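Have a look at the structure below, then the notes.
Numbering (full-length UniProt numbering), first residue to last: 1 to 106.
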């Protein structure tokens, strides 16, 4: 399993990458991260919601109420144009980071 320390700095990018495929809500995003990593990374709920707060504050995502589940409206998130630009920057940054780390570890 991948530690949360190893993923620090890329949780926002994971969320944005999922939202780039379509609007979604917290539980489903967390589940998709777990499934797409084949259970190698399970983002904690507190980490996920901190990412939502940070991304919203920076204007990278927007939240809106969705359907009601268990008596409570589910909050959905969508990526904004500035969120798409930020994600593109994070993807480029990741390629650079991976290249530098590979110079030492491969």
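Cβ atoms here follow ideal geometry from the backbone N, Cα and C, with glycine treated the same way. Predicted model, so just to flag it, every value in this text is computed and none were measured.
Note down the Cα distance separating residue 57 from residue 51, rounded to an integer number of angstroms. Here residue 57 corresponds to residue number 57 of the chain shown, with the count starting at 1. Here residue 51 corresponds to residue number 51 of the chain shown, with the count starting at 1. Looking at the two C-alpha atoms, the distance is approximately 10 angstroms.
Residues bridged to residue 64 (per DSSP): Counted from its first residue, the chain shown places residue 64 at position 64. BP columns for residue 64 point to 76.
Given residue 91 as reference, the closest of 104, 16, 27 once Cα atoms are compared: Your numbering for residue 91 matches position 91 in the chain shown. Minimum Cα distance to residue 91 is reached at 16.
Please tell me whether residue 66 and residue 25 are closer than 8 angstroms, where the distance is taken between their beta carbons. Here residue 66 corresponds to residue number 66 of the chain shown, with the count starting at 1. Here residue 25 corresponds to residue number 25 of the chain shown, with the count starting at 1. Going by C-beta atoms, residue 66 is nearer than 8 angstroms to residue 25.
Span of the alpha helix (DSSP H) around residue 47: For the purposes of this step, residue 47 is taken as residue 47 along the chain shown, with counting starting at 1. Segment 45-57, the alpha helix (DSSP H) holding residue 47.
Bridge partners - residue 69, DSSP secondary structure assignment: Position 69 of the chain shown, counting from 1, holds the residue named residue 69. Paired residue(s): 72.
Leaving out five residues before and five after residue 37 in sequence, what residues of the same chain have Cβ atoms less than 8 angstroms from its Cβ? Here residue 37 refers to the residue found at position 37 when the chain shown is read from its first residue. Within the same chain, residue 37 has close Cβ partners 2.
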